[in-house]
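Trainee: Those sequence lines, one after another, are chains Z and B.
Position 356 of the first sequence, counted from 1, bears residue number 356 in my numbering, the numbering being contiguous throughout.
Position 229 of the second sequence, counted from 1, bears residue number 229 in my numbering, the numbering being contiguous throughout.
Sending over a structure as structure tokens; questions will come in a sec.
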Amino acid sequence: MTVFRNYAETKNRRPGPLNGIRVLEVCTLLFGPAGPSFLAELGAEVIKIELPPVGDVTRSLNPFGWFYKEQGPMFIHINPDKYYMALDLHIDMAQQIFKELCAKSDVVEFNLRPAVTNRWNIGYEEIKKVNPGIIYIEKNGFGQWGRYAEEDRPSNDGAAQALSGYAWLSSFAGQPPLKQSIWICDVFGAMMGEVAVLSALHYRRRTGKGQYIEMSQSENIMRAMTWAWPYQQVTQKHAEPSGNRDQCICPADTFYCKDGQFVALAAPAPDEFKGLCAAMGKPELAADPRFKDHETRLKDENALAILKIIADWAAGRTADEVERLGVKHGFAASRVFSAKDECEDPHRRARGAVKEIDDPMYGQYIDHEIPINMSKTPPKHRWSVRPVGFDNDYIMTRILGRSEQQLKELYGHGVLGKWKDQQGRRPPSDWDGQSGAILRR
Amino acid sequence: MADYKRAKWAAWADHIRSLDDPAKSFEKPEALDDLVVIDLSSRSMAGCFCSSLLAELGAETIRIEPPGGDLIRTYSPGGIMVKDTGLAYLQEGRNKHHVTLNMESAEGREIFKSLVGGADVLIETYPAGTMDNWGLGYAELEKLNPRLIMCSITGYGQFGPDSERKLYDYDNVSQARSGIQYCTGEVLPEGKTVKDMPWAVPTKAGPHIAWAVSGTFGAMGILSALYHRGKTGEGQAIDVCTPEAYSRLADYQLMWYAHAGVIAERFGSLDTALWLYGFFPTKDGGVFLGGLRLEMWKAFVDIIGKYDEWKAGEWTTLAPFMKKDWQLKYQSMIDPETRKYTSEELTQKSVEYAKSGRLAPITPVVAEIVSPWKAMHDENWQDRGIFTPVQDPVYGSVLCAQSQWKATETPPRTKWACRPVGYDNGHVYLKYLGYGPAKLKELEGKGII
């Protein structure tokens, strides 16, 4: 515990663990860009390459018309801590520049339709020639081969929720499948992509060898649907949805309370179940033969009986009361948190999990910290997003040594580009024309 | 698999497949086969998910349970057990050696220290303070093994005011505390109560996703720490808190409240922030429809034959469609149209439209909302190696989702599904500590293993 004393206050004193790693990303929307952001927060230098002048589609997205300083809030959330370059990869000169960058990078990430990298002459075989150690990953709906990939089906998070059975399993029995409010398959798939990349990095350190990785967001979410598959194999029955009840654990469900709030609760272990029975004022239930141990309690009729008893009890309490009783009697319970609860949670604030970013272009605003705390190499969310092509000159000069004259020509040929004068692509209107610019102000 | 029309770029597909087909995984080396991982998870499966990811990549993974097995072994729908193991754990015992050790005894803890001395990674999920009280906190273990990477995954983290709560981490409670369950679910219509519509409430995801997410962040932290250790030789402690980890997957909700004062509420199977993006009914079920660019939305309207009637040709921006009232209006206009087709018919219409439609190759995303049963029998995923059963020497043929990514050099793979409680005591204690049958018998007699 002492290991993390003053962690949030002192984390800026030490670099993140991936300090020294360079990542190129040619990604749009969520599945693609979400992954490299984690690497950036872990300390890698991430260069986001967009197609000029419009760039990433996420720059247009917004909840019910709300933008933060004219920028899509999800673009801000998904793309922090990167350098912004705009290179038109349709043009061969741009493909050459991209290869030069690859020669000096460790990881390159794409989320394009299958075979597009090949068409752009920047497929794995081409890049491997300039950098045999490169870790090259392609993420999309259906991978690079197989029926759905070859049919060139478009995909996104909602399609993956539908095709994997995830949505179907996340509703109430007898009700239509329910879509998650978050882009779970995109971001979970993106996380898994970085596990793949980081393991490849370990292998490269041992052998010097790079590799090619491809993944589909549907296949990744299916990996997380654990018990559904052997359940179907063993019972030869469909895995059924069960609303808020966790079918594997009993009791574990969400209950409606007298203050109109909801509370989630779980108490499968003997000490937890005893604690819950005591909190309900019914200690005798812990000895009831229907509830005597976890396996017995999981039998459907027993599970429904105990959940009914808890529901009746919770209906006479407030959600906060149940949560406090959980702490007192040693069972897990939490009020269902809204975004407001999350934002104002003193625990998350003390941990720096909800933190204020201090950005030269977007000012001070609240966002999530990367949820990995590391005692010797703290990862951190440092800065915000930038307009399309904002860091072109810096990247081209620092990494590739191009002169001002050469840059001018590249802009002239449309190889390099800058933002369109359009919401989300250009700087915010209160920008002073200088803040955030690195090489030239 | 059934025949399908090959793509123009079929040569590329075949080439990539020849390099990364999971059917050939066992011919390839493993990324992490130089590592020893100890998994001391209790009650929470986040740690088991984390250690599974490392074990799938070749790490020698030692799963420690109390004598008699951890509670996790019993997690299973309806309490179904395969031999001594529930179905949830049957997925996450993969590639691990299983030993027993009584951590409540001083001798057990000494044995644990000996194991940690030779390990690269330790994963644990006890409430904060438990390991310290056992004299096994990171500060102590670091002295034994400065290269150790210790990852704790818990419901309240290792620091901060709520870390004082001595509570275990459960998936459904962490989903509730993340802020995501709150804004997921059917909308309760005005005038109705929760009693009338008990399904129109904040709704968690069915799978153990909060655990899977915190476990995956844990793996990301561990692998990053390994990179750092490779440069400097130093290990470290990692702290992942499950509700925080899952919260990070929510997108704009936190900023929206912090800077506009708006609390994201439930919006059924539409999307607060996207259009075209939602679930719609069909003759035989439902489909997901997606078109995040204006042209894709227009293409969809064309597919259902409403291009002219709805004046789609005049639309110049998607912006107004994202508003709540427009979403609801168009939802009610789309529903009767999609009901005219089966899910398969709509899917095929989209595939065809990409070839010959007025806006081709642009086409909307159409995906049938399938049950896990149908997903498991989908030839596309089977062909991609997701549902290749594992042939386990003890548990027989077990269906585990696997090969979640494909790789040319070091793909993940599943070698066995699980081991019974204490099955590897003989092998692991002999290999790492030199304990033979006589010593093990003595420890067993004392209730240590």
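In this text, a Cβ means the ideal position worked out from N, Cα and C, and glycines have one as well.
1. Return yes when the Cβ of B/His98 is within less than 8 Å of the Cβ of B/Gly422, no when it is not.
2. Quick one: Cα of Z/Arg425 to Cα of Z/Gln71, how far?
3. Taking the alpha carbon of Z/Asn12 as the reference point, which residue from Z/Arg382, Z/Gly414 and Z/Thr58 has its own alpha carbon closest?
4. Roughly how many angstroms lie between the CA atoms of B/Ile149 and B/Met45, to the nearest whole one?
5. Looking at B/Ile153: is its Cβ nearer than 8 Å to the Cβ of B/Val240?
6. Which residues mark the beginning and the end of the alpha helix (DSSP H) in which B/Lys324 is found?
7. Which term fits Z/Thr117, buried or exposed, when burial requires 16 or more other beta carbons within 10 angstroms of its beta carbon?
8. For the stretch 304 to 349 of chain Z, which segments carrying the beta strand (DSSP E) assignment without a break, of at least 3 residues, lie completely within its bounds, in sequence order?
9. On a CA-only basis, which of Z/Asn62, Z/Tyr84 and Z/Trp431 is nearest Z/Asp393? Give me that one, please.
10. Using DSSP's beta-bridge definition, name the partner residues of Z/Glu409.
11. Do the stretch 410 to 424 of chain B and the stretch 78 to 86 of chain B touch if we need at least three Cβ pairs shorter than 8 Å?
12. According to DSSP, simplified to helix, strand and coil, what is B/Tyr246?
13. Indicate whether at least one CB of chain Z lies closer than 8 Å to the CB of B/Pro67.
14. Who are the Cβ neighbours of Z/Leu163 in its own chain at under 6 Å, not counting the five residues just before and after it?
15. Just checking: is the beta-carbon of B/Met103 within a distance shorter than 8 Å of some beta-carbon in chain Z?
16. Measuring CB atoms only, is the stretch 427 to 436 of chain B touching the stretch 240 to 253 of chain Z, in the sense that at least three cross pairs come out at less than 8 Å?
17. Using alpha carbons as the reference points, say which of B/Lys415, B/Trp211 and B/Ile238 lies closest to B/Leu122.
18. Where in the stretch 176 to 254 of chain Z do unbroken runs of the beta strand (DSSP E), each at least 3 residues long, occur, reported from the N-terminal end onward?
19. For a contact defined as C-beta to C-beta under 9 Å, what are the partners of Z/Lys376 on chain B?
20. For the alpha helix (DSSP H) that B/Val450 lies in, which residues bound it at each end?
21. Do the CB positions of B/Val201 and B/Tyr246 come within less than 8 Å of each other?
22. From B/Leu274 to Z/Asn62, what does the alpha carbon distance come to, in whole angstroms?
23. Between the alpha carbons of B/Gly58 and B/Ser52, how many angstroms are there, rounded?
24. So B/Trp216 contacts chain Z; which residues on that side make the cut at Cβ distance below 8 Å?
25. Span of the beta strand (DSSP E) holding B/Lys431?
26. Using 8 Å as the threshold, is the stretch 94 to 110 of chain Z in touch with the stretch 36 to 55 of chain Z, meaning 3 or more CB pairs across them?
27. Quick check on the DSSP output: what are the complete alpha helix (DSSP H) runs of length 4 or more inside the stretch 200 to 284 of chain B, in order along the chain?
28. Is any non-hydrogen atom of the ligand NAP found closer than 7 Å to the C-beta of B/Leu32, if you look at the structure I gave you?
29. Counting only C-beta atoms, is Z/Arg206 closer than 8 Å to chain B at any point?
30. On a CA-only basis, which of Z/Met222, Z/Glu356, Z/Pro15 and Z/Leu178 is nearest Z/Ser242? Give me that one, please.
31. For Z/Leu439, is the classification buried or exposed, using 16 other Cβ atoms within 10 angstroms of its Cβ as the cut-off for buried?
32. Is it buried or exposed, Z/Leu87, if we count other Cβ atoms within 10 angstroms and call 16 or more buried?
33. Taking the beta carbon of Z/Asn6 as the centre, do at least 16 other beta carbons fall within 10 Å, making it buried, or is it exposed?
34. Taking the runs of the alpha helix (DSSP H) that are 4 residues or longer, which of them lie wholly in the stretch 101 to 161 of chain B?
35. In its own chain, which residues sit with a C-beta less than 7 Å from the C-beta of B/Leu443, not counting the 5 before and 5 after it?
36. Could you check whether B/Asp169 and B/Gly155 sit closer than 8 Å to each other, using their CB atoms as the reference points?
Mentor: Per the coordinate set shown:
1. It is a contact, given that the beta carbons lie within the stated cut-off.
2. Computed Cα separation, rounded: 8 Å.
3. Considering only alpha carbons, the answer is Z/Arg382.
4. Straight through space, the alpha carbons of B/Met45 and B/Ile149 are spaced by roughly 19 Å.
5. Contact flag set, yes.
6. Where B/Lys324 is concerned, the enclosing alpha helix (DSSP H) stretches over Lys324 to Thr338.
7. Buried is the call here.
8. Within the stretch 304 to 349 of chain Z, the complete beta strand (DSSP E) segments of 3 residues or longer fall at 332 to 335, listed in chain order.
9. Per the C-alpha coordinates, the member of Z/Asn62, Z/Tyr84 and Z/Trp431 positioned closest to Z/Asp393 is Z/Tyr84.
10. Within the DSSP secondary-structure output, Z/Glu409 pairs in no beta bridge.
11. The stretch 410 to 424 of chain B makes contact with the stretch 78 to 86 of chain B, as at least three CB pairs between them are under 8 Å.
12. Looking at B/Tyr246 - three-state DSSP - the assignment turns out to be helix.
13. Under the 8 Å criterion on CB atoms, B/Pro67 is classed as non-interfacial with respect to chain Z.
14. Cβ within range, chain order: Ser218.
15. Not flagged as an interface residue toward chain Z: B/Met103, since no C-beta distance is shorter than 8 Å.
16. Fewer than three Cβ pairs drawn from the stretch 427 to 436 of chain B and the stretch 240 to 253 of chain Z lie within less than 8 Å of each other, which leaves the two stretches out of contact.
17. When each option's Cα is compared against that of B/Leu122, the closest is B/Ile238.
18. The stretch 176 to 254 of chain Z contains these whole beta strand (DSSP E) runs: 211 to 216.
19. Result: Ala225, His228, Thr232, Glu234, Gly235, Gln236 and Ala237.
20. Shown here, chain B extends from 1 to 449; a query on residue 450 of chain B therefore has no answer.
21. The beta carbons of B/Val201 and B/Tyr246 sit no closer together than 8 Å.
22. Between B/Leu274 and Z/Asn62, the C-alpha separation is close to 7 Å.
23. Those two C-alpha atoms are separated by around 10 Å.
24. Correcting the residue identity first, residue 216 of chain B is Thr in this sequence and not Trp. Within chain Z, the residues near B/Thr216 are Phe188, Met191, Met192 and Val195.
25. For B/Lys431, no beta strand (DSSP E) encloses it; the enclosing alpha helix (DSSP H) starts and ends at Asn425 to Leu433.
26. Cβ pair count under 8 Å is three or more, so yes.
27. Secondary structure within the stretch 200 to 284 of chain B: the alpha helix (DSSP H) runs of 4 or more consecutive residues, fully enclosed, are 209 to 232, 242 to 247 and 253 to 260 (chain order).
28. This structure simply doesn't include the ligand NAP, nor any ligand for that matter.
29. Yes, contact with chain B.
30. The shortest Cα separation from Z/Ser242 among Z/Met222, Z/Glu356, Z/Pro15 and Z/Leu178 belongs to Z/Leu178.
31. Z/Leu439 should be labelled exposed.
32. With 16 or more other Cβ atoms within 10 Å, it is buried.
33. It is exposed - the Cβ of Z/Asn6 has fewer than 16 other Cβ atoms within 10 Å.
34. If we require 4 residues or more, the alpha helix (DSSP H) runs fully inside the stretch 101 to 161 of chain B come out as 106 to 117, 130 to 133 and 138 to 144.
35. The residues are Ile449.
36. For B/Gly155 and B/Asp169, yes; Cβs fall inside 8 Å.
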